[in-house]
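**Q** Let me begin by handing over the structure; questions about it come next.
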Amino acid sequence: MFELAWPWIFLLLPLPWLARLLLPAADSGEPVLKVGFLDELEGLAGRRARLNLPTWRQQAPFILIWLLLLLAAARPQWLGDPLPVSASGRDLLVAVDVSGSMDFPDMQWKDDEISRLDLVKALMGDFLQDRQGDRVGLILFGSQAYLQAPLTFDRRTVRTFLDEAQIGIAGKNTAIGDAIGLAVKRLRQRPAQSRVLILITDGANNGGQIHPLTAARLAAQEGVRIYTIGIGANPEASGTPGLLGLNPSLDLDEAALKEIAEITHGSYFRAHDGAELDAIGDTLDQLEPVAQQPTQARTAHALYAWPLALALLLSVLLVVAVQWPDNLLQRLLRKPRFLQPHPEWRQRLKRLRLRRRR
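For the sequence shown, this note's numbering assigns the number 862 to the initial residue and increments by one for each residue that follows.
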């Protein structure tokens, strides 16, 4: 089915004529020839004189070019038949802590020590990209919470945003309550049984405007299940000292994370290393998808290139007609022979000029 996406573009159709009417005439820089015997010429020709405007034959190519440009701007497209789109799955947001402590290199993965954020990028990135049929989104939070990627089926882009996350991009503190509040705001419009938030942090709430438990109660009212993950090695087992010899794992508020999960009917997990975080991802992967209302989509094939190419071709032909006058197009634009002045008129005009001189 043919359709114009922006048909209102054709409201611009009279724009060239309005511009000609309202704008002052351009000065060609050439002297004007005044004819003192215009009345006699009109009597000989049998018609009234008019302004020196182009004939319809000369205006037609420019009118056609303008119409083609408007047609291209209106976005013509061919719509295919409606096709069902699978929309079963969850609406899953992942909130990742990017405060300064997430840069602490106490996590083990593939026999290497890496930072907590790098481990989250490696494992949770795979977790997000494997969520076929789920809408996934990403929240980064520190002193404030930001929606880095809205709920979308484009899981690869969400993973790219997670890979590009930097320590301190949202501030140095940890606003867990604000992250939950932002997630609730984004999930409350989705079906009630498919709202899931996975919150990953290594510290305690020390910033933001909303208390985490208050935000958790609001999430429970909106039917949002929260799965909290505390990340960081055991302070006793980690041999990497932090700033001033203190291990950031001591700041993890497990009691608050457990209570947040309990209020929202979710679960709390503790990840001491890469293997445990990987196992947590497998556990979360067992969440049952919730059937949502199926949607339909039409394939759209853009057709604007055809009128645009035709307008360009016609413009090139007009340039050729000006640069090389003796061509077929120029002959077509000239007046037909029956509209040319009769040779006898020239003789009458000559006699009229001689009479006026006497």
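Cβ coordinates follow ideal geometry from the N, Cα and C atoms, glycine included.
No experiment lies behind these values; they were computed from the predicted model shown.
Kindly confirm or deny that the segment 1113-1121 and the segment 988-999 touch, where touching means at least three C-beta pairs closer than 8 Å.
**A** Too few Cβ pairs lie closer than 8 Å, so no.
**Q** Any idea which residues DSSP pairs residue 975 with across the strands?
**A** In DSSP, residue 975 forms a bridge with 968.
**Q** Among 935, 1178, 1066, 878, which has the Cα closest to the Cα of residue 865?
**A** Among 935, 1178, 1066, 878, the Cα nearest to that of residue 865 belongs to 935.
**Q** Quick check: what's the CA-CA separation for residue 1185 versus residue 1167?
**A** C-alpha separation (whole angstroms): 27 Å.
**Q** Report all residues from its chain with a CB closer than 6 Å to the CB of residue 989; omit the five preceding and five following residues, and keep chain order.
**A** Correct list, in chain order: 997, 1016, 1019, 1020.
**Q** If you draw a straight line from the alpha carbon of residue 1074 to that of residue 1052, how long is it in whole angstroms?
**A** Distance between the alpha carbons of residue 1074 and residue 1052: 23 Å.
**Q** Work out the CA separation of residue 968 and residue 958 for me, nearest whole Å.
**A** Their backbone Cα atoms lie some 15 Å apart in a straight line.
**Q** In angstroms with no decimal places, state the Cα-to-Cα distance between residue 1063 and residue 1135.
**A** Cα to Cα, residue 1063 sits roughly 14 Å from residue 1135.
**Q** Would you identify the three-state DSSP class for residue 937, choosing helix, strand or coil?
**A** If DSSP states are grouped into helix, strand and coil, residue 937 belongs with the strands.
**Q** Note down, in chain order, each residue of its chain lying with its Cβ closer than 6 Å to the Cβ of residue 1172, except the 5 sequence neighbours on either side.
**A** Excluding residues within five positions, the ones whose Cβ falls inside 6 Å are 926, 929, 930.
**Q** Restricting to Cα atoms, I'd like to know which of 962, 1130, 1133, 1049 is closest to residue 951.
**A** Of the listed residues, the one whose Cα sits closest to residue 951 is 1049.
**Q** Which residue or residues does DSSP assign as beta-bridge partners of residue 997?
**A** 953, 1013, per the DSSP bridge assignment.
**Q** Measuring only the C-alpha atoms, how far is residue 1084 from residue 1045?
**A** Straight-line Cα distance between these residues: approximately 9 Å.
**Q** Write down the C-beta distance between residue 1042 and residue 1076 rounded to the nearest angstrom, noting that I regard them as a contact closer than 8 Å.
**A** Yes, residue 1042 and residue 1076 are in contact; Cβ-Cβ is about 5 Å, under 8 Å.
**Q** Does the distance from the CB of residue 1141 to the CB of residue 1090 come in under 8 Å?
**A** Their beta carbons are under 8 Å apart, which means residue 1141 touches residue 1090 by this criterion.
**Q** Look up residue 812 in the DSSP assignment and give the residues it is bridged to.
**A** Absent from the structure is residue 812, since the part of the chain shown begins at 862 and ends at 1219.
**Q** Per DSSP, what kind of secondary structure is residue 1021 in: helix, strand or coil?
**A** Residue 1021: helix per DSSP, three-state reduction.
**Q** Taking 6 Å as the limit between beta carbons, can you name the residues of its chain near residue 1200, skipping five residues before and five after?
**A** At residue 1200 the pLDDT is 45, less than 50, meaning the model places this residue with poor confidence; the figure from the coordinates comes in the next sentence. For residue 1200, where only same-chain residues beyond five positions count, there are no Cβ hits under 6 Å.
**Q** Using 10 angstroms around the beta-carbon of residue 1146, count the other beta-carbons present and answer buried if the total reaches 16, otherwise exposed.
**A** Residue 1146 should be labelled exposed.
**Q** Using the rule of at least 16 other Cβ atoms within 10 Å of the residue's Cβ for burial, across every protein chain shown, is residue 1161 buried or exposed?
**A** Under this definition residue 1161 is an exposed residue.
**Q** Hey, is residue 983's beta-carbon within less than 8 Å of any beta-carbon in chain B?
**A** The structure shown contains no chain B; it is built from a single protein chain.
**Q** What residue range is occupied by the uninterrupted alpha helix (DSSP H) comprising residue 1057?
**A** From DSSP, residue 1057 is part of no alpha helix (DSSP H) but of the beta strand (DSSP E) over 1056-1062.
**Q** Identify the residues that DSSP records as bridge partners of residue 1250: which are they?
**A** Because the chain spans 862 through 1219 in this model, residue 1250 falls outside it and cannot be assessed.
**Q** Cβ of residue 1138 within 8 Å of Cβ of residue 1087?
**A** The answer is no: Cβ separation not under 8 Å.
**Q** Please look up how many angstroms separate the CB atoms of residue 1125 and residue 1080, rounded, as I've assumed it's under 8 Å.
**A** With 8 Å as the limit, residue 1125 and residue 1080 qualify as a contact, their Cβ atoms being about 5 Å apart.
**Q** Taking the alpha-carbon of residue 1182 as reference, which of 874, 879, 875, 922 has the nearest alpha-carbon?
**A** Cα-wise, what sits closest to residue 1182 is 922.
**Q** Taking DSSP's pairing of strands, which residues face residue 864 in a bridge?
**A** BP columns for residue 864 point to 938.
**Q** With a CB to CB cut of under 6 Å and the five nearest residues on each side skipped, what residues in its chain are close to residue 1159?
**A** Same-chain partners within the cutoff: 940, 941, 943.
**Q** Checking the sheet assignment: what are the DSSP bridge partners for residue 1087?
**A** Per DSSP, 1058.
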